[in-house]
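**Student:** Residue numbers (numbering that gives the first Met the number 0), protein chains in the order written: chain A, 0 to 345; chain B, 0 to 332; chain C, 0 to 539.
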Amino acid sequence: MTLIALSHISLTYPNAAAPALSDLTLAVEEGATLSILGPSGCGKTTVLRAIAGFERPQDGAITIAGRPVSDAAHWVVPEERGVGMVFQDYALFPHLTVAENVAFGLQRLEKPAATRTIAQTLDLVGLSGFEDRYPHELSGGQQQRVALARALAPKPIVLLLDEPFSNLDPDMRGQMREEVEEILRLTGTTAVLVTHDHDEAFAMADRVAVLNHGRLEQVDTPEAIYHTPSTPFVANFVGQADFLLGHVDNGKIHTEVGIFENVGGHPTGAAVEIMIRPDDVHIVPASPGGARIVGRQFRGSENLYTVILPSGQHLHSSEGSTTVYPIGTSVDLKIVATHIVTFPKS
Amino acid sequence: MAVLAGILLASVAGLQPASPADAADRLVIYSGRKEKAVKPVVDAFTKQTGIQVDMKVGKTSGLANEIRMEKTRPRGDLFISTESGIVEILTKEGLLDPYQSAATKAVPEDFRSAAGTWTGISGRARIILYNKNLVPEKEVPRSIFELTNPIWKGKLAIAGTRERTTLAWATALVAVKGEAFTRDYLKGLHENDLKILTDNTEVWQGVGRGEFAIGLTNSPNYYLARQNNLPVGVVYPDQDTKGFGTPINPNVAAVIKGATNPEAARKFIDFLLGPEGQRILVTQDYEIPLIADVDSSEVPPLNSIKRTAVTAQRLADLEEATLKLLTSLNPNW
Amino acid sequence: MAQAGPLTLTPSAPLAPASGWLAQIGTFLLLVGVGLLVLPPLLFLAAAALKAGELGAVTIGSLVGLAVTTLSLATLATIWAMLLALPLAWLVVRTDLPFRTLCRWLAVIPLAIPSYIGAMAYIALLGPVGSVNTWLSALTGSPQQWVNIYGFWGGVFVLGLFTYPYIFLLVSAALEATNPSVEETARSLGESPLGVLRRVTLPMLRPSILAGGLLAFLYALSDFGSPSLLRVQVFTTAIYHQLNTRFDQAAAALLSFVLVLITIAVLAGQQMLLHRRSYVTITGTARLARPLHLGRWHWPATLLTGAILSLSVFIPLGVLLVQTGSVGHFLEVVSEQGDYIKNSLLMAGLAATLAVILGLLIAFTARRTPPRTGALLSGTIQIGYAIPGTVLGLSLILLYNTYVPWVYGTVGILVVAYLIRFLTQSVQGVDAAFAGINPHLEEAARSLAASPWRVLRRVLAPLVRPTLFAVWALVFISAMKELDATLLLRPAGFDTLPVRIYIHTVEAEYARAAVMALLLIAFTALPWMVVTRLREKKLV
């Protein structure tokens with residue numbers, strides 16, 4: 000069942016030249032997590048703020064649990080939308096204790112019920128015993144948990160998370176990601192997560208929506224986004240990608256490094272670009288090989304090599320880090336393309 | 000917020016005793032006369048009659064403006080003014096109630112309103128105040144018209160028309176001597192660098208401390224300066240038989256039209272003019288009694304001073320023209 | 000839905016819309032209330048000014064002359080105040096100046112000294128027959144006049160001395176809030192100390208210098224007491240002349256209206272100058288880097304500080320103390336003033352408390368209304384500050400005595416006058432403090448179903464608490480000192496300390512007036528002292 004529906008949303012900020020969102024249509028299924036992914040300034044936070052009611056789109060409609068909250072005829076203020084929000088900076092009330100922060104949204108509950116909910120929620124996020132601390136006495140991760148608990152306690156229809164992990168240390172970030180995912184799963188909470196980090200989006204979301212300049216580029220499962228991006232922008236944004244020039248001949252795409260299936264059904268003679276991810280490219284030292292290694296980045300479990308083709312085109316390859324090839328090594332390339340993605344040459 | 004609410008409550012609660020009680024049975028006096036001068040009379044009045052009094056002391060002109068603004072619903076009962084010009088204006092605007100009694104009739108006619116709307120309660124003569132250290136006894140001027148003599152250049156001071164007694168003095172000049180004469184006379188004073196000060200206090204202090212040799216001011220200020228141990232002398236100018244005399248400005252009392260408590264106001268006027276009221280009023284602030292047989296103690300009695308012959312109505316009529324004349328000569332007036 | 004964990008977080012139905020229309024009615028009522036408070040006197044003024052017809056006795060020439068004198072006086076006084084405030088603020092915040100905490104506290108005291116009292120003190124000292132002339136004449140044996148405080152430059156001198164704390168407060172707070180490392184970076188980039196001051200520090204402080212300067216400027220523009228005592232012809236004294244000598248209320252209204260128009264122009268100019276909103280708060284967080292070591296500048300800096308504080312605090316207070324006469328007299332007078340002290344404290348306390356509450360509500364409402372409405376609201380309130388007290392008093396008498404007589408004739412009318420004159424201090428202060436709050440906090444609260452009232456009460460108000468105390472103290476100080484409107488509006492039998500000082504001064508009882516002036520200053524400074532102490536102890 001669709002819980003949140005945005006249809007044809009357009010929003011332009013006052014005094015802004017370009018719209019922040021244009022003609023955006025999105026849906027979030029009940030119990031699912033949707034991730035909105037995009038570079039900074041793409042409008043992804045604006046989507047969240049429009050759902051929460053902090054911004055009012057000029058066009059289009061938003062419904063939450065079937066109730067119109069924003070369209071030409073309806074406007075529901077944030078405090079009446081039943082959404083929970085976790086901010087990038089957590090926005091904890093500095094003058095209230097952990098328990099008081101969590102209790103903030105529970106003012107309509109009787110005291111015993113509120114007390115019970117606070118205890119349960121803090122237990123859920125692993126902060127039992129921290130009730131009387133103030134936000135400034137907590138670590139970043141703990142503050143994050145309080146923000147989560149505060150947003151979850153009133154049992155919101157949907158939980159909105161705005162770059163929730165970006166203020167955390169990298170190791171803390173992974174741990175929190177797992178914990179939050181677990182909590183969302185346990186509680187069956189519908190969530191919308193905004194992030195610029197594709198790893199985070201892939202790890203947490205059932206579906207990912209990629210936004211660019213206020214327009215929706217693609218919305219799909221994480222796997223589909225990664226392997227079969229529908230635009231070069233998506234292909235580039237969700238991971239390292241190289242684009243090789245090719246042309247269609249005889250129902251095949253011919254490129255410098257080999258021949259591929261014409262999956263896009265491009266007409267014969269058309270110039271196309273084929274997307275190749277580093278994990279599909281393998282290098283084999285050969286003398287004389289068809290390419291040469293010009294760069295290597297050590298990435299822990301793997302090495303990312305940059306090779307140069309005779310045409311001058313650069314291509315990336317990721318290899319296990321057990322063997323190291325020095326820069327300058329002459330190599331042959333082996334492309335194992337499980338997902339062939341092509342775009343017409345622009 | 001709780002703190003604020005607390006403060007608010009405490010303030011409101013604290014106000015109760017501070018605000019004056021029900022106005023209906025209290026006499027409200029707007030006094031342009033000094034509190035020091037009026038308060039003892041008020042206390043004696045309350046003691047005698049049992050009528051409680053609330054006083055609002057301020058500048059006569061400020062209070063007169065208030066009375067005008069309060070026209071729709073007067074808040075004061077009695078107005079004590081330091082000058083008759085203002086009450087004449089208020090009379091014309093219909094803001095005062097006539098009151099005449101045996102007591103008011105004891106006041107000479109030129110210190111009473113023709114319409115009976117106000118009555119003089121005491122007087123102040125226009126005087127020459129001089130610094131004894133700066134002016135040797137034989138050089139002391141006996142007439143205000145001597146002051147245009149260049150020997151007084153840079154040594155003269157007077158209060159501006161913010162002190163309405165100054166305006167009354169200049170208006171009396173216009174009334175008696177004519178506008179052309181007055182203009183020439185004032186020009187002469189200005190050629191002598193007459194300094195126009197903010198108020199009479201500055202005049203008597205300036206003269207007393209030696210900033211100026213000579214000041215034109217009112218008679219009580221002489222005694223005030225003496226009280227402050229300043230070396231001053233006084234001249235009641237132009238006293239020869241054919242002379243200009245010197246204007247005597249009455250302090251006056253008037254019942255405000257529409258007063259909540261007019262009866263008490265009238266009682267107070269009678270009390271002011273009675274022997275006890277006069278005694279207190281005169282001794283408090285060295286004023287000249289206007290009632291014949293009241294002892295004026297060290298102040299010269301009314302009949303010993305030759306006063307300029309001009310009525311309050313005439314003064315009121317000429318006031319605006321005089322003011323124009325003054326400001327045309329010097330904007331500081 | 001997947002499965003229920005230990006918690007059944009079933010989405011609850013959207014809660015009943017309780018706050019929406021209530022909030023709207025509240026906003027509406029507030030707008031109407033503020034409008035009814037501030038606009039009638041302004042409209043009255045405009046109407047009365049129009050009645051003046053062919054300018055009454057006021058000529059265009061005299062208007063231009065007045066405008067030139069008034070604006071020059073206010074401008075030069077503001078520059079003088081800046082020259083006093085800036086070095087002092089920098090020294091007490093950034094350096095190891097001796098007794099800098101004490102100096103910082105003392106530097107605010109001049110605000111508690113009404114400018115008319117400051118002027119009287121300096122006339123006694125520097126007047127033509129003041130102490131200094133007397134001493135110098137006695138010393139040299141020649142009776143010439145050495146100094147004369149009267150006139151335009153005396154007005155500039157006195158006004159600057161007693162308004163510089165407005166600039167000092169804002170600038171020292173801004174200095175505290177800015178990171179000294181920015182200046183250190185500039186030094187490391189090869190900029191000389193003077194260059195750092197010119198190119199880094201001063202530009203950073205510009206908004207607070209301008210905001211403080213504006214307060215000082217508006218004060219100078221609308222002050223009556225000191226120019227009147229020092230014999231400077233400005234708008235306020237000309238208005239007084241029209242009212243009290245000529246009884247020409249129309250001409251007075253016309254002059255007042257021109258003054259208000261000048262003020263509006265100044266405020267509009269400030270808006271354009273600041274362009275973008277700059278956020279200055281009158282409370283700062285005391286996170287300080289290590290203070291700059293003065294070294295060989297120790298003595299010059301100490302001397303400068305001493306000189307500024309002497310001119311603005313010690314000398315005027317000293318003159319007043321000398322004037323009080325004997326200790327016995329002092330105590331006798333003090334013992335008689337119980338009622339007046341109580342009246343003053345109550346009125347100022349009531350006005351300050353209401354101003355803070357209204358300031359909170361107005362600043363909060365202004366944030367939630369379209370920007371233009373908000374600007375109109377705060378602009379209207381600012382203009383109230385510019386109406387000369389005497390004129391405001393008279394127009395309130397007419398308006399309130401005619402239409403709400405049950406308010407006029409009670410002390411309530413004084414509170415109304417104080418609110419019209421000083422509400423802007425509260426609105427501006429609270430607004431600036433709100434602007435410093437992370438907007439996410441308000442949004443978080445709203446997403447947690449908090450009504451606007453709850454957002455204000457539970458989130459915003461507690462967060463700006465230090466500012467609320469400071470703003471309370473500021474309005475309290477202004478209301479304690481107010482004389483012009485109080486003189487006209489007080490109910491018979493109800494006098495405040497400034498009114499008593501005025502009466503005693505007029506009656507030439509200077510010793511008595513001096514004692515009461517000291518009392519007034521002490522009681523005015525008191526809340527500021529308390530707020531400062533509490534802030535040092537981190538209690539507010």
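Quick reminder that beta carbons are idealized off the backbone N, C-alpha and C, glycines included.
How long is the line joining the alpha carbons of E348(A) and S329(A), rounded to whole angstroms?
**Tutor:** Nothing about residue 348(A) can be reported from this structure: the residues present for chain A run from 0 to 345 only.
**Student:** Going by C-alpha distance, which of S138(A), V157(A), Q296(A) and I224(A) is nearest A4(A)?
**Tutor:** Closest by alpha carbon: V157(A).
**Student:** Identify the contact partners of F53(A) in chain C, using a Cβ-Cβ distance below 7 Å as the criterion.
**Tutor:** Under the 7 Å cutoff, chain C gives E442.
**Student:** Hey, quick one: how far does the beta strand (DSSP E) through S311(C) stretch, first residue to last?
**Tutor:** First-last for S311(C): undefined, no H or E at that position.
**Student:** So the alpha helix (DSSP H) N227(B) belongs to, where does it begin and stop?
**Tutor:** Unbroken run through N227(B): none, as it is neither H nor E.
**Student:** Do the segment 146 to 161 of chain B and the segment 180 to 191 of chain B touch if we need at least three Cβ pairs shorter than 8 Å?
**Tutor:** With a cut-off of 8 Å, the segment 180 to 191 of chain B and the segment 146 to 161 of chain B count as touching, because enough Cβ pairs lie within range.
**Student:** Please classify D122(A): does DSSP put it in a helix, a strand, or coil?
**Tutor:** Residue state, collapsed to three classes: helix.
**Student:** Could you name each continuous alpha helix (DSSP H) segment of 4 residues or more that falls completely within the segment 151 to 194 of chain C, going from the start of the chain to the end?
**Tutor:** Qualifying alpha helix (DSSP H) stretches, in chain order: 151 to 176 and 179 to 187.
**Student:** So if DSSP puts M54(B) in a beta bridge, which residue, or which two residues, is it bridged to?
**Tutor:** Answer is I28(B), bridged to M54(B).
**Student:** Since I believe V530(C) is in contact with A472(C) (beta carbons under 8 Å), could you give me their beta-carbon distance rounded to a whole number of angstroms?
**Tutor:** Going by Cβ atoms, the distance from A472(C) to V530(C) rounds to 5 Å, so yes, they are a contact pair.
**Student:** If you compare alpha carbons, which of L169(C), V170(C) and L70(C) is closest to F151(C)?
**Tutor:** Nearest option by C-alpha distance: L70(C).
**Student:** Can you tell me which residues form a DSSP beta bridge with E318(A)?
**Tutor:** In DSSP, E318(A) forms a bridge with N302(A).
**Student:** Please compile the residues from chain C whose C-beta is within a distance smaller than 7 Å of the C-beta of H94(A).
**Tutor:** Result: P461 and L462.
**Student:** Measure from the alpha carbon of H212(A) to the alpha carbon of each residue in A16(A), N14(A), L20(A) and A15(A), then state which is nearest.
**Tutor:** Ranking the options by Cα distance to H212(A), first place goes to L20(A).
**Student:** Quick one: which chain A residues come within Cβ less than 8 Å of N547(C)?
**Tutor:** This structure does not reach residue 547(C), given that chain C is present from 0 up to 539, and the question cannot be answered.
**Student:** Give me the DSSP bridge partner(s) of F259(A).
**Tutor:** Bridge partners of F259(A): I252(A).
**Student:** Of all Cβ atoms in chain E, is any one closer than 8 Å to the Cβ of V458(C)?
**Tutor:** The structure shown contains no chain E; its protein chains are A, B and C.
**Student:** Decide yes or no for the touch test of the segment 343 to 357 of chain C against the segment 443 to 459 of chain C: beta carbon pairs closer than 8 Å, at least 3 of them.
**Tutor:** Segments in contact, no.
**Student:** Below 8 Å on the Cβ atoms is my guess for F256(C) versus A45(C); work out the distance and round it to an integer in Å.
**Tutor:** The pair is a contact, with the Cβ atoms about 6 Å apart (cut-off 8 Å).
**Student:** K58(B): buried (16+ other C-beta within 10 angstroms of its C-beta) or exposed?
**Tutor:** Buried, because 16 or more other Cβ atoms sit within 10 Å of the Cβ of K58(B).
**Student:** Output yes if chain B places a C-beta closer than 8 Å to the C-beta of P192(C); else output no.
**Tutor:** No, P192(C) does not count as interfacial toward chain B.
**Student:** How many Å lie between V195(C) and L174(C) at the Cα?
**Tutor:** Between V195(C) and L174(C), the C-alpha separation is close to 14 Å.
**Student:** Can you tell me the Cβ-Cβ gap for Y339(C) and T495(C), rounded? I've got them flagged as a contact below 8 Å.
**Tutor:** Yes, they are in contact, since the Cβ atoms of Y339(C) and T495(C) sit about 6 Å apart, within 8 Å.
**Student:** For T25(B), tell me which candidate among T200(B), L271(B), V41(B) and R32(B) has the shortest Cα-Cα distance.
**Tutor:** Reading off the sequence shown, one finds Arg at residue 25(B), where the question assumed Thr. That would be V41(B), whose Cα lies nearest to the Cα of R25(B).
**Student:** Cβ of R115(A) less than 8 Å from any chain C Cβ?
**Tutor:** Not one chain C Cβ lies under 8 Å of R115(A).
**Student:** Going by beta carbon distance, what residues of the same chain come within less than 8 Å of H313(A), once the five residues before and after it are set aside?
**Tutor:** Taken in chain order, the residues that qualify are D241, V293, T305, V306 and I307.
**Student:** Since G140(C) contacts S225(C) with CB under 8 Å, what's their CB separation in whole angstroms?
**Tutor:** Not really, about 33 Å apart at Cβ, beyond 8 Å.
**Student:** How far does the alpha helix (DSSP H) with Y129(B) in it reach, from first residue to last?
**Tutor:** Run containing Y129(B): none in the alpha helix (DSSP H); it sits in the beta strand (DSSP E), W117 to N130.
**Student:** Using a threshold of 8 Å, state whether the C-beta atoms of S351(A) and D58(A) are closer than that.
**Tutor:** The question about residue 351(A) has no answer, for chain A in this structure spans 0 to 345.
**Student:** Going along chain A, which residues have a C-beta under 7 Å from R445(C)?
**Tutor:** In chain order: P77 and E78.
**Student:** For a quick check, are the C-beta atoms of A478(C) and I108(C) less than 8 Å apart?
**Tutor:** The answer is no: Cβ separation not under 8 Å.
**Student:** From this set, I273(A), T1(A), L33(A) and I182(A), which residue's C-alpha is nearest V209(A)'s C-alpha?
**Tutor:** When each option's Cα is compared against that of V209(A), the closest is L33(A).
**Student:** How is the alpha helix (DSSP H) around D131(A) delimited, first residue to last?
**Tutor:** From DSSP, D131(A) is part of no alpha helix (DSSP H); its letter is neither H nor E.
**Student:** Going by DSSP in three states, I520(C) sits in which element: helix, strand or coil?
**Tutor:** Residue state, collapsed to three classes: helix.
**Student:** With a floor of 4 residues, list each alpha helix (DSSP H) that falls wholly inside the segment 197 to 221 of chain B, ordered by position along the chain.
**Tutor:** The segment 197 to 221 of chain B contains these whole alpha helix (DSSP H) runs: 199 to 208.
**Student:** Looking at W145(C) and the ligand SAM, is the gap between the Cβ and the nearest heavy atom below 7 Å?
**Tutor:** You won't find the ligand SAM in this model; it holds no ligand whatsoever.
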